[in-house]
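In the working numbering, the protein residues as written are 0 to 309.
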Ligand code: AMP
């Protein structure tokens with residue numbers, strides 16, 4: 000069985016339904032990716048590496064992870080922290096705004112739980128994924144240990160996968176981000192950047208510029224996402240452009256990139272070519288953006304993916 004680990008934060012999501020009604024669910028970039036991967040590829044062992052608390056929302060979250068058939072062996076329980084939370088409001092024009100409570104969340108402590116025994120267990124995996132959001136969430140004081148762990152996993156033959164997924168508000172400044180991203184690109188075997196993510200940081204505006212920027216790094220597989228425009232892949236020295244069929248009825252793009260990542264990596268772990276993997280990943284992302292919320296109903300998703308030939 001192939002195994003992939005997703006390190007990061009899952010949060011409680013609250014969405015205003017009316018003045019007195021809130022809808023509660025769970026979401027976070029790495030969690031979203033893990034869910035969509037597992038829904039398409041049940042034979043790929045898919046684990047979350049995160050920290051929750053001992054509270055009832057943490058217990059509900061753990062139950063949800065299990066109901067999505069994710070491996071929770073590396074979901075740690077912090078003694079006195081609780082999960083992060085965010086609230087989504089939609090104004091009269093359909094514009095969404097987000098308010099976060101995540102600056103003291105349990106997930107910030109995840110690296111504290113990565114002892115030698117855990118790292119040894121993770122070393123037998125095939126891929127280890129983290130994002131720019133994961134990097135921003137882990138505490139500054141834990142970064143050295145985090146990078147040493149990533150080096151250890153890489154040396155053990157685990158493919159390191161990085162999606163820059165840039166969220167400015169999570170970082171002190173762009174110098175801090177760039178320093179962390181440099182380490183991530185230096186160790187990554189696979190990266191899945193979106194053009195938009197790199198625009199603010201590096202003044203990059205095109206897929207070609209992303210490929211150019213990443214040239215000095217020894218990354219075996221680069222997948223550049225650019226909304227409905229196209230996807231460019233570079234595997235070794237082979238550069239390919241893939242056409243995406245644009246979706247006209249876009250409802251909510253929140254987890255498009257996450258769904259893309261999960262299905263792409265699941266397809267690659269299941270032996271699909273980069274071209275097949277991009278088409279399946281784009282189908283997944285195109286399906287997810289036609290429904291509200293980060294995690295769409297399982298039946299709608301699976302029907303679309305079965306039609307796509309998963
Ligand atoms: P983005 O994060 O905006 O680059 O989007 C991630 C992925 O979602 C893209 O690579 C596409 O596969 C898919 N996607 C985003 N927007 C659209 C759209 N309007 N129509 C079809 N697919 C889309």
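C-beta atoms are modelled at their ideal positions from N, C-alpha and C, and glycine is treated no differently.
Remember, predicted model here, so these are calculated numbers, not experimental data.
Nearest candidate by alpha-carbon position, reference residue i, set the options
| i | options | result |
| --- | --- | --- |
| residue 68 | 89, 46 and 262 | 46 |
| residue 11 | 87, 246 and 186 | 87 |
| residue 106 | 82, 128, 296 and 120 | 82 |
| residue 212 | 203, 219 and 220 | 203 |
| residue 163 | 157, 176 and 151 | 176 |
| residue 152 | 61, 115, 168 and 131 | 115 |
| residue 58 | 290, 74 and 98 | 74 |
| residue 35 | 293, 22 and 223 | 293 |
Backbone CA spacing between residue i and residue j [nearest angstrom]
| i | j | result |
| --- | --- | --- |
| residue 42 | residue 31 | 18 Å |
| residue 110 | residue 141 | 6 Å |
| residue 259 | residue 280 | 4 Å |
| residue 4 | residue 89 | 33 Å |
| residue 24 | residue 247 | 27 Å |
| residue 287 | residue 113 | 33 Å |
| residue 146 | residue 136 | 14 Å |
| residue 208 | residue 53 | 46 Å |
| residue 117 | residue 94 | 43 Å |
| residue 149 | residue 189 | 13 Å |
Residue i CB to nearest heavy atom of the ligand AMP below 7 Å
| i | result |
| --- | --- |
| residue 131 | no |
| residue 7 | no |
| residue 252 | yes |
| residue 224 | yes |
| residue 259 | yes |
| residue 106 | no |
| residue 246 | yes |
| residue 255 | yes |
| residue 285 | yes |
| residue 193 | yes |
| residue 227 | yes |
| residue 203 | no |
| residue 243 | yes |
Counted within 10 angstroms of its Cβ, other Cβ atoms place residue i as buried (16 or more) or exposed
| i | result |
| --- | --- |
| residue 235 | exposed |
| residue 154 | exposed |
| residue 240 | exposed |
| residue 7 | buried |
| residue 132 | buried |
| residue 267 | buried |
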